[in-house]
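Input: a single structure, listed below in structure tokens.
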Amino acid sequence: MAKPTQATSKSFESDVLNSDLPVVVDFWAPWCAPCRMIGPVLEDLAVRYDGRVKVVKVNVDDEKALAEAYGIRGIPTVLGFSGGEVQQQQVGFRGAQGLERMFEDLTGEVRVSL
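Just so we're aligned, residue 271 is where the sequence shown starts under our numbering, counting upward by one.
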């Protein structure tokens, strides 16, 4: 079962930039209430998209330079990477559907709800 992994400035290049899979990166902090709300949604999506999308979390309190390098000004901020480049960004928690759309866009998959 896939779970989000923690990335640091030392592991970010291998975890995200050099990944063969698209990567969703959650910039968060433990004291941030919306960050705690987004966590279970990302955990669920990590399981559902296992093998197709990798989910990585970056604690902005511990990795200030990494957050600054990506212009993170508010949290939660979720970035979608493909081929080592940022393709999508979502600031704040806007519900599960917005996050799922990011996963769909990164994989090229579209789910149809009836």
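Yeah, the Cβ is synthetic: ideal placement off N, Cα and C, and Gly gets one too.
Remember, it's a predicted structure, so these values are computed and weren't measured experimentally.
Measure the C-alpha to C-alpha separation of residue i and residue j and round it to an integer number of angstroms.
i: PHE351; j: SER289; result: 9 Å
i: GLY368; j: ASP314; result: 14 Å
i: GLU370; j: PRO346; result: 16 Å
i: LEU349; j: ARG318; result: 18 Å
i: GLN360; j: VAL293; result: 14 Å
i: TYR340; j: THR377; result: 22 Å
i: THR278; j: GLU333; result: 6 Å
According to DSSP, is residue i helix, strand or coil?
i: GLY350; result: strand
i: MET275; result: Sequence inspection shows Thr at residue 275; the Met mentioned does not correspond to that position. Looking at THR275 - three-state DSSP - the assignment turns out to be strand.
i: ASP290; result: coil
i: GLU313; result: helix
Within 7 Å: the Cβ of residue i and any heavy atom of the ligand GTP?
i: LEU312; result: The ligand GTP is not among the ligands present in this structure, which contains no ligands whatsoever.
### Query
Unbroken alpha helix (DSSP H) runs of length 4 or more, entirely within the region 315-374: which are they?
334-339
### Query
With contact counted as at least three CB pairs below 8 Å, one residue from each stretch, are the region 287-302 and the region 328-347 in contact?
yes
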